[in-house]
Every structure is written in structure tokens, then in C-alpha cells.
Amino acid sequence: MKKILVLLLCAALILTMLTACGSGDAPAAPAETNTGSPAAAGDNAEPAQQEVTIHLFHQKQEAQEAFAQIINAFHTEYPYITVEQEIVTNDPAAILKARLATGEVPDIFQGATDTMDIARGGYIMELSSEAFLDNITDEARAASSFTDADGHTWAMPVDGSCEGIFYNKDIFAEYDLSVPTTLSELKTVIDTLEDNGVTPFAMGFKDAWTIKPVSLVAAASAIYGKDINWDSKKDSGEASFSGSEDWTSTFEITKMVYQHGNTRTAFDTDYNGACAMMANGEAAMMINGLWALEPIRQINPDVNLGMMAMPASEDPKDTKLFQFPDFGLSISASTEHPEECKLFLEFLTRPEIAELWCSTSKLFSAVKGVSVDFDPLADDVNAYIDAGMVCTQVDRGWPTAFGPEYESALSNYLLDLSSLDDILISLDTAWDNARAASQS
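My numbering applies: residue 38 is where the sequence shown begins, and numbers increase by one.
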């Protein structure tokens with residue numbers, strides 16, 4: 038009996054010791070987990086992609102929602118890549134230059150009229166050998182805003198736009214007005230509208246940048262539609278602003294528009310106010326870029342709009358619509374994520390993505406085979422394109438520093454602060470200085 042009791046006590050003691058060894062401070066065996074590494078997942082597993090964030094810098098406020106949709110679709114396909122968009126509408130060129138100077142260069146940024154100057158500074162990755170550019174139309178690729186004379190592409194064109202005269206078709210029909218093709222016909226339209234108490238032009242010159250499109254649509258017909266190489270002739274001394282009848286005409290047409298609209302309130306009305314005038318039928322015409330279509334439609338989706346070119350002479354053949362590749366994207370030469378940036382640009386050239394972009398932004402596509410019927414007004418633009426009555430140059434090749442000087446000259450002329458002769462002489466000097474600065 039005693040032997041049995043001793044055996045039972047020994048068994049209890051051993052059991053207690055074993056229990057103590059399995060608890061307390063002793064570490065538990067690690068659970069099996071898949072870390073994503075080849076060793077943990079097996080010899081045939083691929084390593085997990087490293088999380089990457091791309092900074093996208095642009096000024097297209099009206100395209101914010103379109104970009105958001107595209108970025109979400111891109112992230113679905115490439116979940117390890119996050120694209121963060123930064124939209125800067127107040128002097129974006131100056132802000133971008135400040136970022137370049139401090140080394141805070143966005144991974145991808147908007148290509149504009151200063152793309153070539155930035156490229157000369159070594160800040161942009163050259164793209165001409167990238168396969169995704171084969172998806173872009175030849176006309177868009179050749180645009181001087183994005184591709185230099187040696188065939189080097191510094192920004193990928195995304196869409197195409199135009200600048201012209203928005204007009205209210207119902208108002209024109211009410212007074213039996215036709216689209217003018219000569220300068221005298223345009224003056225007749227203006228006189229008829231004013232005789233019937235209708236404001237011809239809506240102007241939002243409180244935002245000074247809105248003056249420039251008025252002059253550009255005139256220059257498309259008066260200058261660049263006749264001679265697409267005017268810039269190079271100016272550089273070589275064969276052409277000038279001063280003494281030019283065509284530049285004189287361009288400025289005079291700009292003043293004509295100013296004198297036949299909401300002249301008293303033009304410099305107190307901003308861009309959105311001018312769009313509202315057009316949307317509400319408070320003016321028959323407004324001169325701006327195609328980007329103004331969306332804010333006008335947001336106010337009045339049913340307004341019956343057309344688009345026409347600015348006549349600048351008595352020859353209808355001279356009347357050209359300013360139509361051009363508009364929005365482009367460049368990749369920073371110093372980005373830490375070049376391949377991911379290229380993936381995003383390639384994604385934008387896919388037809389379904391291009392259609393989403395253009396139908397939402399109400400612009401023409403730079404991608405081959407993509408035709409979006411985004412608005413009835415597009416038929417008017419396509420008619421000019423099909424007839425070859427377009428001009429693709431104007432300010433696209435201007436030296437960057439010349440732009441502010443030109444805009445200032447326009448305001449001075451409209452407000453009679455300087456004579457036109459003095460203004461044109463000053464523009465020659467401003468051009469030469471800006472061109473020299475861009476090449477230094």
C-alpha cells in the first residue's frame with residue numbers, strides 16, 4: 038500500500054514539473070507566417086513589391102475628379118503604387134521653379150509652355166524612346182511645347198484643346214446672325230447685337246490671364262496661321278513686333294473686343310463671372326480656351342453653345358482656330374521612382390483611360406484612335422480641324438520669361454497706359470532678353 042502511495046506521489050510531482058516547464062517565461066514557438074520573401078513562401082514565390090508614393094504636380098483644377106478616378110484605377114492595377122496629386126492654380130509656374138531650385142522636384146509634373154526651359158536645366162527625363170509614346174498621335178508628339186527640334190520629347194501629351202470664341206447659338210439665331218469669317222462680318226455681328234441691347238462679349242479681366250487668349254485667337258489668324266515659323270524669324274532678326282501690320286492688327290482686335298462687352302466692369306469681373314455671363318445668356322460671346330466649357334455647363338447645362346475662330350482680315354482663308362496639344366506630363370530627371378512614373382504615363386495612354394479623361398475634362402485626346410463626343414460644341418471644332426483651318430503654334434514656342442511681359446503689355450494697351458508703337462518696341466526687347474536668358 039505504501040509502495041502504491043509513493044508511486045502516486047512521484048507521478049504527481051513529475052506532472053507538476055512538466056506543467057511548469059510548458060508555461061511561465063519560456064517563449065512559445067513562433068507561428069508559421071508568409072513574410073513575402075522567397076525563403077518563407079517557397080522557391081517559386083516572387084518577392085513582394087515595395088510600397089512607392091509618386092507626387093503628381095499640376096494646375097488643372099477642372100480635371101481633379103478625372104485624375105482621382107484614374108488614380109484609383111491605377112492603384113487597383115498597381116496596389117503598391119500610390120499617386121498623390123497636388124493641384125496648384127495660383128502661379129503654378131513660379132511655384133514649380135521654386136521647387137526645382139530647392140531640390141523638391143515632383144516626380145511627375147505638368148508640361149506647359151516652359152517645358153523646354155526646364156528641360157534645358159536638366160530637370161526632365163527624356164522620353165522619346167519610351168514605347169508608350171507610340172500610342173500618341175504624331176501631331177501631338179510633334180508639338181513644340183513638348184518635343185524639341187532634335188526630336189527629344191520632354192513631356193507626354195495627354196489631350197488637345199483650343200482657344201476661340203464661344204458663342205450663344207440661340208442668340209445668333211434670334212437676330213439671324215451667321216458665323217463671321219471676315220473682320221467686317223464680325224463688326225456687323227457686334228453692331229447688330231448692340232443695336233438690340235445685347236452685350237457682345239463677356240470679359241473677366243479681373244483675372245489678368247484671361248486677356249491673353251483674346252490676343253492669341255487673333256494672332257492665330259493674323260500671324261501664325263500665315264507663317265508658322267514667325268518665332269524663328271523673330272529670333273534670327275527677320276521679323277519683329279514693331280512695324281508689323283499683323284501684330285498691330287492683333288492688338289487692335291483685342292481692344293475691339295474690350296470696347297464691345299462689359300467694358301465698364303471687365304476689370305472687376307473674374308473668370309468665373311464671365312463664364313456665368315455666358316451660361317446665363319447675359320452676353321453673346323466669350324473668348325477663352327475649351328477648358329471654360331465645363332464651368333459654363335455647370336451653371337447651365339442646356340445653354341446652346343458653339344465655337345468659332347477669330348477673323349483678322351477680309352480673306353476668309355486667313356481665319357484659323359487656335360488648336361493645340363494642351364496638357365502634358367513630364368517625369369523628373371531626379372525621381373527615385375522612374376519605372377513607376379513610366380507605368381503611370383503608360384496607363385494614361387490606354388484608350389479606356391484616355392476616353393475617361395477626355396469625356397470628363399471635355400477635351401480632345403492625344404491618344405491614337407480615341408474620339409470622344411463630349412459636347413455638341415466639339416462638332417464645330419472638328420469642322421475646323423477637318424477643313425485644315427487651324428493654327429497650332431501661337432504662344433507654344435515663346436520664351437518663358439516673355440509671357441508675363443506680353444500680358445502686362447496687353448493690359449497697358451487696353452487701359453491706354455502706353456501707345457501701341459511703344460508697346461511693340463518694348464516687346465521686341467522683352468523677347469530678345471527672354472530668349473537670351475533661356476539659352477544661358
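The C-beta atom is built at its ideal place from N, Cα and C for all residues, glycine as well.
Please name the residue or residues paired with MET347 in a DSSP beta bridge.
Partner(s): none; MET347 has no beta bridge.
How about ILE260 and VAL235: are their beta carbons less than 9 angstroms apart?
In this structure, VAL235 does not lie closer than 9 angstroms to ILE260 by Cβ.
Please determine, among SER408, PHE401, GLU176 and ALA210, the residue with the shortest C-alpha to C-alpha distance to LEU230.
Minimum Cα distance to LEU230 is reached at ALA210.
Range covered by the alpha helix (DSSP H) that runs through ASP185
Counting along the chain, ASP185 falls outside any alpha helix (DSSP H), and DSSP gives it neither H nor E.
The alpha helix (DSSP H) enclosing TYR115, as first and last residue numbers:
It is not in any alpha helix (DSSP H) - TYR115 carries neither H nor E in the DSSP assignment.
Whole angstroms is fine: what's the gap from LYS357's alpha carbon to ALA135's?
Spanning the two alpha carbons is a distance of roughly 37 angstroms.
Can you give the beta carbon distance from THR287 to ALA255, rounded, assuming they're within the 8 angstroms contact cut?
Confirmed, about 5 angstroms.
Is the segment 389-408 touching the segment 183-192 in the sense that three or more CB pairs, one from each, lie closer than 8 angstroms?
Contact between the segment 183-192 and the segment 389-408 is absent, because fewer than three Cβ pairs lie under 8 angstroms.
How would you write the range of the alpha helix (DSSP H) that GLY440 sits in, first residue to last?
Where GLY440 is concerned, the enclosing alpha helix (DSSP H) stretches over 439-451.
Is it the case that the Cβ atoms of ASN419 and ALA321 are separated by a distance below 9 angstroms?
No, they are not a contact pair.
For PRO237, the three-state DSSP class (helix, strand or coil)
Collapsing the DSSP output to three states places PRO237 in coil.
Measure the alpha-carbon distance for GLY241 versus TYR308 and round it to whole angstroms.
GLY241 and TYR308 have their alpha carbons spaced roughly 5 angstroms apart.
Is the separation between the beta-carbon of MET193 and that of THR372 shorter than 9 angstroms?
Here MET193 is not near THR372, since their CB atoms are 9 angstroms or more apart.
Figure out for me which residue from GLN96, ALA138 and THR306 has the closest Cα to the Cα of GLU123.
Nearest to GLU123 by alpha-carbon distance, out of GLN96, ALA138 and THR306, is GLN96.
Under the assumption that GLU392 contacts PHE169 (Cβ atoms under 8 angstroms), give the Cβ distance between them as a whole number of angstroms.
About 16 angstroms separates the CB atoms of GLU392 and PHE169; that is not less than 8 angstroms, and the two are not in contact.
Below 8 angstroms on the Cβ atoms is my contact criterion, and I expect GLU478 with TYR117 to pass it. Report the Cβ-Cβ distance as a whole number of Å.
There is simply no residue 478 to check, as the chain begins at 38 and stops at 477 in what is shown.
At what residues does the beta strand (DSSP E) containing THR229 begin and finish?
In the DSSP assignment, THR229 falls outside any beta strand (DSSP E) and lies within the alpha helix (DSSP H) extending over 220-232.
Determine whether the beta carbon atoms of THR306 and PHE359 lie at a separation below 9 angstroms.
The Cβ-Cβ distance between THR306 and PHE359 does not fall below 9 angstroms.
Which whole-angstrom value describes the C-beta separation of LEU93 and PRO143, a residue pair presumed to lie in contact below a C-beta threshold of 8 angstroms?
At roughly 7 angstroms, the Cβ-Cβ gap stays under 8 angstroms, so LEU93 and PRO143 are in contact.
Where does the unbroken alpha helix (DSSP H) through LYS161 begin, and where does it stop?
Per the sequence shown, the amino acid found at residue 161 is Ile instead of Lys. Element bounds for ILE161: n/a, residue is neither H nor E.
Contact set for ALA25: own chain, Cβ-Cβ below 6 angstroms, skip 5 residues either direction:
Absent from the model: residue 25. The displayed extent of the chain is 38 to 477, so no value can be given.
Neighbourhood of ASP151 by C-beta distance below 7 angstroms, restricted to the same chain and skipping five residues each side:
ALA130 and THR437, listed in sequence order.
Range covered by the alpha helix (DSSP H) that runs through GLN296
Per DSSP, GLN296 belongs to the alpha helix (DSSP H) from 282-296.
For VAL431, which of PRO237, ASP154, ALA110 and TRP267 has the nearest alpha-carbon?
A check of alpha carbon separations from VAL431 across PRO237, ASP154, ALA110 and TRP267 identifies TRP267 as the nearest.
Taking DSSP as the reference, what is the three-state secondary structure of PHE203?
Taken through DSSP and simplified to helix, strand or coil, PHE203 comes out as strand.
Give a yes or no on whether the C-beta atoms belonging to THR174 and ALA370 are separated by under 9 angstroms.
For THR174 and ALA370, no; Cβs fall outside 9 angstroms.
So which of VAL120, MET153 and GLN98 has the shortest CA-CA distance to THR126?
Measuring from the Cα of THR126, the nearest candidate turns out to be GLN98.
Where DSSP assigns a beta bridge to PRO362, which residues make up the other side?
In the DSSP output, where bridge partners are listed per residue, PRO362 has GLY197.
Measuring straight from C-alpha to C-alpha, what distance separates THR119 and LYS379?
For THR119 and LYS379, the distance between alpha carbons rounds to 14 angstroms.
Of the residues ASP352, HIS374, ALA473 and TRP284, the one placed nearest MET426, counting alpha carbons only
It is ASP352 whose Cα lies nearest to the Cα of MET426.
What are the start and end residues of the beta strand (DSSP E) that includes MET323?
MET323 -> beta strand (DSSP E) spans 322-326.
Simplified DSSP assignment, three categories, for THR150
Coil.
Is it right to say SER367 is buried, meaning 16 or more other beta carbons lie within 10 angstroms of its own, or is it exposed?
Flag for SER367 reads buried.
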